[in-house]
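Using my numbering, the first residue of the sequence shown is number 5, and each one after it goes up by one.
All C-beta atoms in this analysis are idealised placements derived from N, C-alpha and C, irrespective of residue type, glycine included.
Computed from a predicted model, the values in this text were never measured in an experiment.
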Amino acid sequence: MKRNIMFTVTIICALIILSLAGCAKKAAEPGAEVTPPAPAAPAAPGQEMKPGEGIPAGGPVVPAAGETVVFDKKIYFDFDKFDLGAEAIGALNELAAFLKANAGLKVSVEGHCDERGTNEYNLALGERRAKAAYDYLAAQGIDASRLSTVSYGEEKPADPGQNEEAWAKNRRDEFVLSK
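Right, dumping it as structure tokens:
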């Protein structure tokens, strides 16, 4: 009887260890260099843009029905923070003015984090970052029905590097416009 209990406990422990090992993060191979993709050249004003492309410097482009366009300004956050700085507020004011001038547009606020921390923590932090921008836009008079948030946590890094400069680029909110 004692032997059966010990055998069962051993099997359960082994299964738990195997399932936890399957959830572990994959470490980057030492010496393997990851190069970020080259940024696409933005379209000139008046040219058609493909979904997901950045907005050209000449001004925001209104997406066609069913298309999405990434607003040309991103906002960045300090490590483990979700408060809006002066630069972030300036970018949000520009976005709010553009949204007021284009009442048919909706915006999805995408919160991102660097790779430090657990997946769960980074998803929650990305959500708080997106919510901070959402709340600011709503306070500027943008109807909540035109706003949505999504958190990607650490899943979509802007820079795959593993240094402070790369991590700073990854702690951001992006704004995807759609009709």
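Close Cβ partners of G157 (< 7 Å) along its chain, the five nearest in sequence each way excluded
Looking up residue 157 in the sequence shown gives position 153. Cβ neighbours of G157 within its own chain (closer than 7 Å, five residues either side excluded): C117, N123, N126, L127, G130.
Express the C-alpha separation of I15 and L99 in angstroms, rounding to a whole number.
Numbered from its first residue, the sequence shown carries residue 99 at position 95. Numbered from its first residue, the sequence shown carries residue 15 at position 11. Their backbone Cα atoms lie some 57 Å apart in a straight line.
So, using beta-carbon positions, are D163 and F81 closer together than 9 Å?
Position 159 of the sequence shown, counting from 1, holds the residue named residue 163. Position 77 of the sequence shown, counting from 1, holds the residue named residue 81. The answer is no: Cβ separation not under 9 Å.
Using only the alpha-carbon positions, how far apart do A172 and V113 sit?
Along the sequence shown, read from residue 1 onward, the residue named residue 172 stands at position 168. Along the sequence shown, read from residue 1 onward, the residue named residue 113 stands at position 109. Near 18 Å, if we compare the C-alpha coordinates of V113 and A172.
Please classify N97: is it buried, with 16 or more other beta-carbons within 10 angstroms of its beta-carbon, or exposed?
Position 93 of the sequence shown, counted from the first residue, corresponds to residue 97. N97 should be labelled exposed.
Taking the beta carbon of K77 as the centre, do at least 16 other beta carbons fall within 10 Å, making it buried, or is it exposed?
Start at 1 with the first residue of the sequence shown, and residue 77 comes out as number 73. Of the residues assessed, K77 falls on the buried side of the cut-off, its CB having 16 or more other CB atoms within 10 angstroms.
Do G115 and K85 come within 9 Å of each other at the CB atom, strictly closer than that value?
Walking along the sequence shown from the start, residue 85 turns up at place 81. Walking along the sequence shown from the start, residue 115 turns up at place 111. With contacts defined as CB atoms closer than 9 Å, K85 and G115 fail to qualify as a contacting pair.
Measuring alpha carbon to alpha carbon, tell me which residue in A143, R132, L141, A101 is nearest S155.
In the sequence shown, the residue the question calls residue 155 occupies position 151. Taking only the C-alpha atoms, the option nearest S155 is R132.
According to the neighbour-count rule (16 or more other Cβ atoms, all chains shown, within 10 Å of its Cβ), is R7 buried or exposed?
The residue given as residue 7 occupies position 3 in the sequence shown. Under a 10 Å Cβ-count criterion, R7 is classified as exposed, with fewer than 16 other Cβ atoms of the shown protein chains found around its own Cβ.
Measuring alpha carbon to alpha carbon, tell me which of I93, D139, I146 ends up nearest L109.
Position 105 of the sequence shown, counting from 1, holds the residue named residue 109. Closest in C-alpha terms to L109, from the list I93, D139, I146, comes I146.
What residue from E119, L181, E169, P161 has the CA that sits closest to A107's CA?
Here residue 107 refers to the residue found at position 103 of the sequence shown. Residue L181 holds the alpha-carbon nearest to the alpha-carbon of A107 among E119, L181, E169, P161.
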